[in-house]
Amino acid sequence: MVFLSVLNQVRENISKIIEEKGYDKVTFVVEPSKSGFGDITCNVAFLLAKSLKKSPREIAQGFVDAYDINLNDELEKVEAHQSGYINFFLDVNPFNKAVLLESQNENYGSINIGKNSKVIIEHTSVNPNKALHIGHLRNVVIGDVVSRILSKVNYDVKVLNYVDDSGLQVADIIVGFKFGGFSETPPAGEKFANYCGDTVYVKTSTKYANDEGLESKRREILKELEDSTSETARFGKILTRKILADQLDTVWNLGASYDCLNFESDILYSKLWEKVFDSMKSENLIRLENEGDNAGCWVLPIENEDDKILVRSNGVATYVAKDIPYAAWKLGVLNDPFNYAKYTTQSNGKILYETTLEESQEPKQSFAANKVITVIDNRQTNLQKIVASLMSKFKPESSYVHLGYEAVTLSSETASLLGNKTDGKDVQMSGRKGLYVNADEMIEKLEKRIFAESKERNDNLDDESLSEISHNVAVGTIRYELIKPDLDKIITFDINSSLKLEGDTCSYIQYSCVRASRILEKFGNEPNFDVQFDQLNTEYEINLIKQIGMFEIIVNDAAKNYSPKVIARYCYGLAVAFSSFYEHVKVLKADTPELVNARLCLVLSFKLTLEKALDLLGIIAPERM
Numbered sequence: 092m093v094f095l096s097v098l099n100q101v102r103e104n105i106s107k108i109i110e111e112k113g114y115d116k117v118t119f120v121v122e123p124s125k126s127g128f129g130d131i132t133c134n135v136a137f138l139l140a141k142s143l144k145k146s147p148r149e150i151a152q153g154f155v156d157a158y159d160i161n162l163n164d165e166l167e168k169v170e171a172h173q174s175g176y177i178n179f180f181l182d183v184n185p186f187n188k189a190v191l192l193e194s195q196n197e198n199y200g201s202i203n204i205g206k207n208s209k210v211i212i213e214h215t216s217v218n219p220n221k222a223l224h225i226g227h228l229r230n231v232v233i234g235d236v237v238s239r240i241l242s243k244v245n246y247d248v249k250v251l252n253y254v255d256d257s258g259l260q261v262a263d264i265i266v267g268f269k270f271g272g273f274s275e276t277p278p279a280g281e282k283f284a285n286y287c288g289d290t291v292y293v294k295t296s297t298k299y300a301n302d303e304g305l306e307s308k309r310r311e312i313l314k315e316l317e318d319s320t321s322e323t324a325r326f327g328k329i330l331t332r333k334i335l336a337d338q339l340d341t342v343w344n345l346g347a348s349y350d351c352l353n354f355e356s357d358i359l360y361s362k363l364w365e366k367v368f369d370s371m372k373s374e375n376l377i378r379l380e381n382e383g384d385n386a387g388c389w390v391l392p393i394e395n396e397d398d399k400i401l402v403r404s405n406g407v408a409t410y411v412a413k414d415i416p417y418a419a420w421k422l423g424v425l426n427d428p429f430n431y432a433k434y435t436t437q438s439n440g441k442i443l444y445e446t447t448l449e450e451s452q453e454p455k456q457s458f459a460a461n462k463v464i465t466v467i468d469n470r471q472t473n474l475q476k477i478v479a480s481l482m483s484k485f486k487p488e489s490s491y492v493h494l495g496y497e498a499v500t501l502s503s504e505t506a507s508l509l510g511n512k513t514d515g516k517d518v519q520m521s522g523r524k525g526l527y528v529n530a531d532e533m534i535e536k537l538e539k540r541i542f543a544e545s546k547e548r549n550d551n552l553d554d555e556s557l558s559e560i561s562h563n564v565a566v567g568t569i570r571y572e573l574i575k576p577d578l579d580k581i582i583t584f585d586i587n588s589s590l591k592l593e594g595d596t597c598s599y600i601q602y603s604c605v606r607a608s609r610i611l612e613k614f615g616n617e618p619n620f621d622v623q624f625d626q627l628n629t630e631y632e633i634n635l636i637k638q639i640g641m642f643e644i645i646v647n648d649a650a651k652n653y654s655p656k657v658i659a660r661y662c663y664g665l666a667v668a669f670s671s672f673y674e675h676v677k678v679l680k681a682d683t684p685e686l687v688n689a690r691l692c693l694v695l696s697f698k699l700t701l702e703k704a705l706d707l708l709g710i711i712a713p714e715r716m
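First residue of the sequence shown? That's 92 in my numbering, and the numbers climb one at a time after it.
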C-alpha cells in the first residue's frame, strides 16, 4: 500500500504537529494533488486561519518548518504554496520501485477495511413477469460492482435477489393466461419471459380500463396468491419460476451472480410480517390511532414528518409495511424461518441457494448481516427512508443503506425505432406499455457488430475466439456505460450511440490492455523486476507509475462511498496514461537492454493493475480485439 501508506503517514504527522503546537483539532484533508502542485496536498492551514488569526500561507509555512521529511522514505520535499496549501513531493526513485514491485502481488489493491464483517447487497429484484430490459441492468451492474469492491476490501459479502412472486404484476399474467385467452406456450423461438412481458402482461394491462369484470378477477387472483395451498398459487409458482430462469440467464450472461434467491411468497407464508408487527408493538415503535383521519390504523411516528400508516383500519398492510419484514430478516432482527435449497451452481462455481419452507437436505444457511445495502432506484427513496428509520430502532443507524440511482430513459430516436411517438422527447421506460430495450437483444446486437469489426482486424482468429472477444467487449461496453455516470444522473439510452466503440468507452480501455499484451508477447520473456528503476524518468513513465500507485487509494474511496463510478473513472484515466506512454516512449527499441527491461516491467505492471481494476467492474480484458 505504497501511495495510500504515504497519505496515511502524512495525515498522522500533520495531526502530531497540530497536537504539539496546541492548535484546535480540525478535520483536514490529505489527498493526491492536481498536476503542478506536488504529488500530495493538505488543506489544514485554511481550517486553522480563523482561530489562529493568521493567513493560510503563514500557517502552511509553519507546518512545513515543523515537518520532519525523514519520517517518510518516499517523500523528497514539502512546500507551502502561496495559496495556503501544503504540497508534498514524492521521491521518484524509491516510490517507483515500491509501486512496480507491489503491483505484481495478486492481492494488489486489497485493503482490510471490512475486517470480514458481513454485508448483504440486494440487487436486481425484478418482478418475475417479464424479461430484463436495459434499465434493469443498471441495477444489476451497480449491485454487482459494489459487491466486488466490498469483497476486495475484506467484507464478507452475500448477494441477494428478491423475487416478488406474489405481487400485482404476477397476478396480471395469471389473469392473462386464465381469462385472456393466451396460450401458455410462447411462439417458436421466443423466450417465455419475453412472451409474458411483451405480450401477455402488456395486452392484459390495457384491458382493465374497459373491463370491470377482469379487474375483479385480478383482485381475486391477488388474494388467492396469499394462500400457499391454492391452485392459483401453484400455477403462479410454475409461471414465475420459468420467467425467473430466463432472467437469471440474462444476469449470468452479464457476469453477475447471487448467493440466495428470496421469494416474496416464502416471506408471506412464513408470517414474518406478523412477527415483526408484534415486535414493533411490544417495543412501542408503532401506535394504534383512536381518532382523526387515521383512526383504527397502526402508524409509525417519524420525526419531523407525518406519521406513516403501516396497517389500515381494515387490517390490510400497506405497501410500506411489506418491505419491513424482509429488511428485519436481512439484519437478523428476527429469527430465520427459512430452510435453504440448492437452486443451481453458477458458472463462477458459486452455489445459488433459494429460500423454502419445505424440508431441505441442504445445511441451514446464515444470511443475517451487520450491514444491508439495498440497490433500488430513487423513486423508492421515501419508502427506503422509512424502512431505514425503523431498522435504526433495532440496529445501529448506519446498518441499513439505500443505494439509490436514477432511471434509464430512452432517447426519442430509440423510442421511435420501437414504434412509439415521443414528439422529440426522451421517454421513461415502461414494462406495462412495452416501452423498453430488451437486455438480451442489446447484448446480441453489440456482439454481432463487434464480431464483424474484430474479424476485419484479426483474420487469423477462428470464429470461437472471435465470439469470445465479441462477448467480452459487448458485456464490458454495457457495464461501463451503465456504471460510469454518477448514480444521481439519469442515463438516456440510445441504441446507436451505445454501439459506438470510440471515445470514453470500455473498448478504448480494453484496447489499451491489448496493446500492453502485444508488447509483452513480442518480447517473449518475463521482465526482471529485481533491478533499479532510476531510468524510468520521463514525464510519461512517472505519470503512469503514479496512476498505477493510485489503485489502492481509488479502491479505498470507492469502498467507503459505495461508488462504482470511481473505479470506472480510474480505469479510463489509467488507460489514457498508458496511451500517452505508448505514443511517446519506445519500449522494445529502447537504447539499452536495461531500459528495455525496466519499461517492460512498467508495461506488465500497468496490464496487471488495469486487469484488477476492470475485474472490479466485472469486465474482462481480452488479449485480442
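We treat Cβ as the ideally placed atom computed from N, Cα and C, and that holds for glycine. On a predicted model such as this, the values are computed, not experimentally measured, just so you know.
- Task: Could you tell me which of S142, Q152 and E317 sits nearest to C133, measuring between CA atoms?
- Result: Among S142, Q152 and E317, the Cα nearest to that of C133 is on Q152.
- Query: Would you report the Cα separation of V676 and Y292, rounded to the nearest angstrom?
  - Reply: Taking the straight line from one Cα to the other gives about 59 Å.
- Message: Taking the straight line between their C-alpha atoms, what separation do you get for M641 and I265?
- Response: Approximately 53 Å, taken between the alpha carbons.
- Within its chain, find whatever has a CB closer than 8 Å to the CB of V210; leave out the 5 residues flanking it on each side and keep chain order. Excluding its 5 nearest sequence neighbours in each direction, V210 has C-beta neighbours in its own chain below 8 Å: L241, Y246, D247, V248, K249, A460, N461, K462, V463 and I464, listed in chain order.
- Under a three-way DSSP split, which group does Y631 fall into? helix
- Query: If you count every other CB in all the chains shown that lies within 10 Å of the CB of Q475, and 16 or more means buried, which is it?
  - Reply: buried
- Return helix, strand or coil for N252, following the three-state DSSP convention. It is a strand residue.
- Query: In chain order, what residues of the same chain lie with their CB nearer than 6 Å to the CB of T446, ignoring the 5 residues before and after it?
  - Reply: N353, F354, D357 and F429
- Task: Within its chain, find whatever has a CB closer than 7 Å to the CB of G200; leave out the 5 residues flanking it on each side and keep chain order.
- Result: K243, F642, E643, V646 and K703
- Item | Rounded separation between S608 and S96 - CA only | 30 Å
- What residue range is occupied by the uninterrupted beta strand (DSSP E) comprising P123? V121 to P123
- Query: On the three-pair Cβ rule with 8 Å, is the stretch 684-699 touching the stretch 573-590?
  - Reply: No contact exists between the stretch 684-699 and the stretch 573-590.
- Query: Roughly how many angstroms lie between the CA atoms of F270 and L376, to the nearest whole one?
  - Reply: 44 Å
- Assuming A222 and G175 make a contact with CB atoms under 8 Å, what is their CB distance in whole Å? Contact flag wrong, Cβ pair sits at about 57 Å.
- Item | Segment limits, beta strand (DSSP E) that includes C133 | Its beta strand (DSSP E) spans residues I131 to C133.
- Item | Local Cβ density within 10 Å of Q601, reported as buried at 16 or more and exposed below that | buried
- Coil, strand or helix - R403 by DSSP: If DSSP states are grouped into helix, strand and coil, R403 belongs with coil.
- Do you know how far the Cα of N473 is from the Cα of E396? 11 Å
- Message: Tell me the DSSP secondary structure of H214 in three-state form.
- Response: coil
- Item | Nearest-angstrom Cα separation, counted from F154 out to L228 | 50 Å
- Message: To the nearest angstrom, how far is the alpha carbon of T596 from that of R660?
- Response: 11 Å
- Message: Out of D130, I334, L316 and I131, which one is the CA nearest neighbour of N218?
- Response: Of D130, I334, L316 and I131, the residue nearest in Cα terms is I334.
- Query: Measuring CB to CB, does G166 end up less than 8 Å from F180?
  - Reply: First, the amino acid is wrong: residue 166 is Leu here, not Gly. Yes, these two residues count as a Cβ contact at 8 Å.
- Message: Can you check whether the C-beta of F642 is within less than 8 Å of a C-beta belonging to chain B?
- Response: Considering every chain present, this structure includes no chain B. It has just one protein chain.
- Message: Extract the residue ranges of the alpha helix (DSSP H) inside the stretch 524-583, only unbroken runs of 4 or more that lie entirely within it.
- Response: 530-548 and 554-574
- What's the C-alpha gap between V101 and V121? 7 Å
- Item | Where the alpha helix (DSSP H) through F368 begins and ends | L363 to S373
- Runs of beta strand (DSSP E) lying entirely within the stretch 223-296, each at least 3 residues, in chain order: 247-254
- Message: Looking at the secondary structure, which residues open and close the alpha helix (DSSP H) in which E110 lies?
- Response: Per DSSP, E110 belongs to the alpha helix (DSSP H) from V93 to K112.
- Query: Out of L481, L363 and C388, which has the shortest C-alpha to C-alpha gap to L425?
  - Reply: L363
- Message: How far does the beta strand (DSSP E) with H493 in it extend, from its first residue to its last?
- Response: Run containing H493: Y491 to L494, per the beta strand (DSSP E) assignment.
- Item | Collapsed DSSP secondary structure at E453 in the structure displayed | coil
- Query: Among residues of its own chain, excluding the 5 on either side of A286, which ones have a beta-carbon nearer than 6 Å to its beta-carbon?
  - Reply: A quick correction: the sequence has Tyr, not Ala, at residue 286. Excluding five sequence positions before and after Y286, the CB atoms of its chain that fall closer than 6 Å to its own CB belong to P277, given in chain order.
- Query: What do you get for R548, buried or exposed, if any count of 16 or more other CB atoms within 10 angstroms of its CB means buried?
  - Reply: Flag for R548 reads exposed.
- Task: Starting from the C-beta of I233, find all residues in its chain whose C-beta is less than 8 Å away, skip the five residues before and the five after it, and write them out in chain order.
- Result: Correct list, in chain order: H214, V466, L494, Y496, L573, I574, L578 and P655.
- From T341 to G709, what distance separates their C-alpha atoms? 15 Å
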